[in-house]
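Step one of this worksheet: look at the structure below.
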Amino acid sequence: MWFAYSEHLPKPVRFGIASKIEDCFTETLKLIYQATYYRGEQKILRIAAAQEHLDFIKFFLSVGWEMKIFEDKKFILLNEKLIAAGQMLHGWINYLEQKLPR
């Protein structure tokens with residue numbers, strides 16, 4: 001969804017804030033992928049880092065929206081998807097924390 005939208009942005013935006021958002025998306029995916037290979041506390045740390053990058057994406061999207069770079073409708077759709085992804089990551093962390101011995 002993001003990539004389809006970002007390719008239609010003006011060049012200064014694409015190579016500025018949109019590039020930051022893309023980097024955060026890539027890092028989030030990388031951390032989630034890495035988490036699948038770890039166990040215990042290391043897995044939780046990777047997922048928490050992915051959550052942090054997801055928050056950065058939401059932050060940069062909000063900044064772009066405030067600057068009138070991103071359309072309202074697309075901003076809302078992207079933000080809803082990011083919130084859902086954040087809830088999934090939070091649920092994953094809660095599940096893992098319950099499994100870990102105290």
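Residue numbers are given in my numbering: position 28 of the sequence shown equals residue 28, and the series is strictly consecutive.
In this text, a Cβ means the ideal position worked out from N, Cα and C, and glycines have one as well.
Predicted, not measured: the structure shown is a model, and the values here were computed from it.
- Two segments are said to touch when three or more pairs of C-beta atoms, one from each, lie closer than 8 Å; by this definition the stretch 37-49 does not touch the stretch 3-21.
- For histidine 90, the uninterrupted alpha helix (DSSP H) segment begins and ends at 72-99.
- Apart from sequence neighbours up to five positions away, the residues of its chain that approach lysine 58 with a beta-carbon distance below 7 Å are Asn79, Leu82, ordered along the chain.
- From the listed residues Leu29, Tyr5, Lys30, the smallest Cα separation to alanine 18 is found for Tyr5.
- Taking the Cα positions, lysine 74 is about 43 Å away from proline 101.
- Close CB contacts of lysine 20 within its chain, under the 7 Å cut and outside five residues either way in sequence, are with Phe60 (chain order).
- Taken through DSSP and simplified to helix, strand or coil, phenylalanine 59 comes out as helix.
- Threonine 28 sits buried, since 16 or more C-beta atoms from the chains shown fall within 10 Å of its C-beta.
- Burial state of leucine 77 is exposed, judged by a 10 Å Cβ sphere holding fewer than 16 other Cβ atoms.
- A residue is called buried when at least 16 other Cβ atoms come within 10 angstroms of its Cβ; alanine 84 does not meet this threshold and is exposed.
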